[in-house]
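Have a look at the structure below before the remarks.
2 protein chains.
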Amino acid sequence: MNTLYHVSEADFQRVLSMELPAIEKTRIFATLARINTLYMIAKAGSGHIGSSFSSMDIFSWLHLNVLQDEDTFFSSKGHDAPGLYAVLIGKGKLEYNNIHKLRRLHGLPGHPDIGTPCMETNTGSLGMGISKAKGMIRANRLDDKQGRVYVLTGDGELQEGQFWESLPGAVNGKFDEITVIIDHNKIQSDTWVSDVSDLGDLEAKLTSYGWHVQRCDGNNYEELNTAFSVAKEVKGRPQIIIADTIKGCGVSFMEATAMSSQQEFYGFHSGAPSPEDYESAAQELIEKANDLLAKAGQPMLGIETVERETPQAQKGNIQKLIPAYEQALNEQGLRRKDIVVLDADLMIDCGLLSFRNNYPERFVECGIAEQDMVSQAGALALKGKLPIAHSFACFLAPRANEQIFNNASEKTKCIYVGSLAGVLPSGPGHSHQMVRDISALGGIPGLTLIEPSCEAEVAMAVEYAIEKNPNSSYIRLVSIPYEIPFTLPKNYVLTEGQGVVLTEGDDAVLFSYGPVLLSEACKAAQVLRNTHKFGLKVINLPWLNKIDGDWLKTTIGTITRVFTLDNHLLDGGQGERIGSTLSEEGSSAKIEFTRLGLKDIPECGRNDEVLAYHGLDAAGIMKSVLG
Amino acid sequence: MNTLYHVSEADFQRVLSMELPAIEKTRIFATLARINTLYMIAKAGSGHIGSSFSSMDIFSWLHLNVLQDEDTFFSSKGHDAPGLYAVLIGKGKLEYNNIHKLRRLHGLPGHPDIGTPCMETNTGSLGMGISKAKGMIRANRLDDKQGRVYVLTGDGELQEGQFWESLPGAVNGKFDEITVIIDHNKIQSDTWVSDVSDLGDLEAKLTSYGWHVQRCDGNNYEELNTAFSVAKEVKGRPQIIIADTIKGCGVSFMEATAMSSQQEFYGFHSGAPSPEDYESAAQELIEKANDLLAKAGQPMLGIETVERETPQAQKGNIQKLIPAYEQALNEQGLRRKDIVVLDADLMIDCGLLSFRNNYPERFVECGIAEQDMVSQAGALALKGKLPIAHSFACFLAPRANEQIFNNASEKTKCIYVGSLAGVLPSGPGHSHQMVRDISALGGIPGLTLIEPSCEAEVAMAVEYAIEKNPNSSYIRLVSIPYEIPFTLPKNYVLTEGQGVVLTEGDDAVLFSYGPVLLSEACKAAQVLRNTHKFGLKVINLPWLNKIDGDWLKTTIGTITRVFTLDNHLLDGGQGERIGSTLSEEGSSAKIEFTRLGLKDIPECGRNDEVLAYHGLDAAGIMKSVLG
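Protein sequences appear in the order of chains A and B. In this text, residue positions in the first sequence follow this note's numbering: the first is 1, and each later residue adds one. In this text, residue positions in the second sequence follow this note's numbering: the first is 628, and each later residue adds one.
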């Protein structure tokens, strides 16, 4: 079960040079690319199989038979990147060696980034694709350049307002150079699109916008061939191809059509397959590839193997904030009948299943529609409910930024919970690493930002937001389980603007928050104490935009070296607020103040390597503290 | 020409108590309400006549004949507030005395705020209406409460993605309690909706979403009556009434249908009418009202009069940053052929007419679609163009927040220009007073925020953004003309992170930016010098998120009292960044550091009274400086 399989560069070259009808060749190519997609995701330990596989026949057909040199193709949904990488590697457009580097530092990012060859634009935050295609065509036209733009979107992505916002301009501009393909695999992050927020009669909708609309089987090359040929001939109108696909297409048990009627959630949206599932899927694909090759009178694949690296098991005190949040929310739901929970298609990732199962009438699934969700939350608050709106921090804070402010301007009480916050996990890349939400939301009057450091503090933060804070709160949650070397004092209670000492020390004091960086700081403190006789006082300050100046001054006391450590960009983070508060408090001793945190957009990669790269692991912190 | 006319409370009561058929009574009522709408806008000196008048028959019909106690009505477009206020005052739902307080401190805000009786939710930032209606209905249903929700939207508003994002959920939820009325007056902020971003076949579009759709003449009571009656009977589906209206309806020469074919821009969208136009319009409406009353066998109106307050003329060195920007942009457009200008329906307000007229092929009108605009801009940059995207700061920074970050993640160069920035003008209210954009955008890597203080500095900022800054810039512009008592030194050049001394002084130093607060600070400095022998050194620091620490330290020198003055909320403003930099620089002397700026959401009102209320006028600054 520890062997991973990938198709060699030579085999791809062999297939590409075969004298075969386009459809047969593409079928073989796509099967090989599926093997490598699976390999990349298994090796990386995460990635989106379902969406990569539903799109694979579209990617392959486009790259083998449609795209000309002057054309541009990109995926707006972005999480199908492993599939697209596999196709580009297979075609020799990306260096073969990249196959081993999915979601690794300076390798292939979890979502598209233009730093990677052939990636035309950064995507991963949904709904921007058609807008970008329009901009590209405008530039082409100004430069008298030829070239079509092909954009692949998801179907869940169609819940984002920007998708619909972008449609009319393409018609008014007569942008017949744009062809949009909707990978209509019927399943979004959590479950069926029709259950989350039914798209209705998609053909009628898109036609009513004035686009040329076709519908075809997106896993059938004959139909794709016809659809792309027709689209190319359309004059004066942009075109959309609704490609009906099967999520997970190509591996029998990964296909959404294989789900039992009892099964609510699709199992292969994100994350790595289990070793057993990987082995079965790989063998099925290899067998299929060899069958296809045999039919074409060609030798079998010379499949290459790599031994799986078993990730170091986390041990000790592993804190899982999302399950802790799920439990706290569920308990509050029992107590407070006015709580209404809203979700934007991340029910499982945000820990909302228990609440939904127990209080279905107070659970609102909004789909991938953060603006709509937050404005609904505001109206619920106006009518006396206590709304709690959820998404990943990277989508909630910026996409619904104006709506959160609008609610704040009504001075009602709303709670926002942004998970997947911070630099880790770093595999998905910068579209998902939310490191600027303190900045984006910190200036909203009446909104308190709080980030718990451990499971116990999650419950306290939820209690605070629901019971103690008369105003609105934003709870910032780290999603990955993390081993923490600290414990909160038994008598610890949350006090607005104040923190708690995790390690004692007199040589320097460091303020931080959240499980990841507090753990790294505590580890640094231990080494500093043991090997450098240097006392670093580490403080957990969960208040991101509220600093109690008196407490700060007292806590620093006579220590003259002060550090802050942000799981956030330095600009607009907690450190800046602490620094400013220090100036206002006018400490009596001369203080040396240093802010640690991210200086630029974070890298994609394995968690440990990205933390180290940015100097935010224990070693990096130690180095910074010692100067 | 200095007399203003309004209909008395008694006349409204008389009309309401008449025994007349509903349609006749509503027609008289609406005519009276139009007189008062015009009065309120003329008295306030600003407001939206066109949209108030196109909606007036809908407002009046709803309030006189449709709405039940348990129902909720609000306008999502919000800028028709004067019309709605006039109706509510006429019906006695708002105290009559409010008629004199439009856009005055603690009066009737320029856009709806729930602090005003009968205002159900805060609107003015477009596209949120249906989302809010859904939230309200959800709360009603949970509480087993009856009640329908009526939402009025604009037609330009339909360009916002959130409108479309919000539609499917209402169908999936079978929200037949929701009736949306589209005030389809065909003209948005600048010009015809069809020219800005054609809505296409609106009935087909809305029908394709599964909504029940009707179309009627929205200035015809018979048709409105039928439409609302039909809507109320629809079961299991939300309803939309496309109400074809005439912008400015009720005053012959204000009606959009009266525009000549040569006229590109409608003249009565926002702002007060000229005294001549006011007089003609008022007389026409009064005459019409008296005719209607006479036909009903009723005595004439006992019209009340008020003398117009002539606003104090600004004198001295009046700086107009928008025309200066227009000129600079136009000049750069000639020089740089790669510049592409994008607009979101604020072509005139943002100063884009010259560029558009001279370089129409490089001008992109996106409509009220900020997300779409910014993503288009990003794609233009990817293809080698230099995009400059425009809107009011209040819409650009938060609505397209994620898209601006996405562009930044591609490390291309884009320029964003947010006008109407800051606390003034304060008449439109908090939906338009952008005082949190430094916070919302300041944390975006590679984005430099700059705010010029005068016309000369506008040109420098544009030059900097286009020629000197290799990365992206956000130019923050105050839109109102302002009399400035300072001049920049002749040899002044913009230097990143550094500012320039406007007034000398040794007792305290104050850092600020932009024409409004720098002027107030300089006036304060003069009084302090003359009457208190107190030397306040006022520094113009146009860099909002980039502070040169060495320069800061040198500039402060031996001065121990340091102030910052933000045309922004204290949270996340320039002051916080200066404060933090001070801590990092570790000044040798003990410094007393104080941040001045907004502590909460700004009030609506006349510019002078709002500045004074927040302690940001010269007197307030002086008081703060003296402690």
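Ideal placement from N, C-alpha and C gives every residue a C-beta, glycine not left out. Keep in mind it's a predicted model, so treat the numbers as computed, not measured.
**Request:** Taking A/Tyr402 as the reference, give the member of B/Thr1221, B/Cys1021, B/Glu992 with the closest Cα.
**Result:** The sequence shown places Glu at residue 402 of chain A, rather than the Tyr named in the question. Nearest option by C-alpha distance: B/Cys1021.
**Prompt:** Just reading off the alpha helix (DSSP H) that A/Gln312 is part of, what are its end residues?
**Reply:** Careful: A/Gln312 lies outside any alpha helix (DSSP H) and carries neither H nor E.
**Short Cβ contact (9 Å threshold) for B/Ala760 with B/Val807** = yes
**Prompt:** What runs of the beta strand (DSSP E), each 3 residues or longer, lie entirely inside the segment 438 to 508 of chain A?
**Reply:** 447 to 450, 472 to 476, 500 to 503
**Message:** Need the endpoints of the alpha helix (DSSP H) that B/Pro739 sits in, please.
**Reply:** No alpha helix (DSSP H) contains B/Pro739, which DSSP labels as neither H nor E.
**Prompt:** Any beta-carbon of chain B closer than 9 Å to the one on A/Ala440?
**Reply:** yes
**Message:** Which same chain residues end up closer than 6 Å to A/Phe163 when comparing Cβ atoms and leaving out the 5 residues on each side of it in sequence?
**Reply:** Gly127
**Contacting residues, own chain, Cβ-Cβ under 6 Å from B/Gly1124 (five flanking each side not counted)** = Trp1170, Lys1173, Ile1174, Asp1175
**Prompt:** Which of the three DSSP states, helix, strand or coil, is assigned to B/Gly781?
**Reply:** strand
**Request:** Measure from the C-beta of A/Trp164 to each C-beta in chain B and report whether the shortest distance is under 9 Å.
**Result:** yes
**C-alpha distance - B/His706 paired with B/Arg983, whole-angstrom precision** = 26 Å
**Message:** Let me check one thing: in DSSP terms, what residues is A/Tyr416 bridge-paired to?
**Reply:** A/Ala389, A/Tyr474
**Asked** Between which two residues does the beta strand (DSSP E) containing B/Asp1219 stretch?
**Response** Rather than Asp, the amino acid found at residue 1219 of chain B in this sequence is Glu. Where B/Glu1219 is concerned, the enclosing beta strand (DSSP E) stretches over 1219 to 1225.
**Prompt:** According to DSSP, is B/Trp688 helix, strand or coil?
**Reply:** helix
**Asked** Where do the N-terminal and C-terminal ends of the alpha helix (DSSP H) with A/Asn36 fall, by residue?
**Response** 22 to 44
**Prompt:** Using a C-beta cutoff of 9 Å, does A/Asp201 count as contacting chain B?
**Reply:** yes
**Request:** Take A/Leu88 and list the residues in its own chain whose beta-carbon comes closer than 7 Å to its own, dropping the five residues that flank it on each side.
**Result:** Leu94, Cys118
**Asked** Near A/Gly169, which residues of its chain fall below 7 Å by C-beta distance, leaving aside the five closest residues on each side in sequence?
**Response** Lys134
**Message:** Among the candidates B/Leu1068, B/Cys1041, B/Ser1053, B/Ala1035, whose CA atom is the shortest distance from the CA of B/Gln1026?
**Reply:** The sequence shown places Arg at residue 1026 of chain B, rather than the Gln named in the question. Nearest C-alpha to B/Arg1026: B/Leu1068.
**Asked** Thinking just about the alpha-carbon of each residue, which of B/Val1252, B/Gln941, B/Leu694, B/Met927 is nearest to the one in B/Asn852?
**Response** B/Leu694
**Request:** Answer with yes or no whether the minimum CB distance from B/Ser1100 to chain A is below 9 Å.
**Result:** no
**Asked** Using a beta-carbon distance below 9 Å, is A/Met347 in contact with chain B?
**Response** no
**Message:** Along the chain, where does the beta strand (DSSP E) containing A/Lys537 start, and where does it finish?
**Reply:** 536 to 540
**Message:** In this structure, how does DSSP classify B/Ala1027 when only helix, strand and coil are distinguished?
**Reply:** coil
**Item:** Cross-chain neighbours of A/Pro445 in chain B, by beta carbon under 7 Å
**Value:** Leu1196, Asp1227, Ile1228
**Below-9 Å beta-carbon distance, A/Phe395 vs any chain B residue** = yes
**Message:** Would you call the segment 1095 to 1114 of chain B in contact with the segment 1139 to 1157 of chain B, where contact means no fewer than 3 C-beta pairs closer than 8 Å?
**Reply:** yes
**Request:** Return the CA-CA distance between B/Arg641 and B/Gln925, expressed in angstroms with no decimal places.
**Result:** 9 Å
**Asked** Count the other CB atoms within 10 Å of the CB of B/His1159; is the residue buried (16 or more) or exposed (fewer)?
**Response** exposed
**Prompt:** Between which two residues does the beta strand (DSSP E) containing A/Phe563 stretch?
**Reply:** 561 to 569
**Request:** Compare the C-beta of A/Pro459 with all C-beta atoms of chain B and state if any pair is closer than 9 Å.
**Result:** The question names Pro, but residue 459 of chain A in the sequence shown is Ala. Output row for A/Ala459: interface = no.
**Request:** Could you tell me which residues DSSP pairs with B/Leu631 in its beta bridges?
**Result:** B/Val933
**Prompt:** Whole-angstrom Cβ separation of A/Ala389 and A/Tyr416, contact assumed at under 8 Å?
**Reply:** 5 Å
**Message:** Can you pull the chain A neighbours of B/Asn594, defined as C-beta to C-beta under 7 Å?
**Reply:** In this structure chain B extends from 628 to 1254, so residue 594 of chain B is not present and cannot be described.
**Request:** Count the C-beta pairs between the segment 68 to 76 of chain A and the segment 150 to 158 of chain A that are closer than 8 Å, then say yes if the count reaches three, no if not.
**Result:** yes
**Request:** Go to A/Ile348, then tell me how far its alpha helix (DSSP H) extends in each direction, as first and last residue.
**Result:** Per DSSP, A/Ile348 belongs to no alpha helix (DSSP H) and is neither H nor E.
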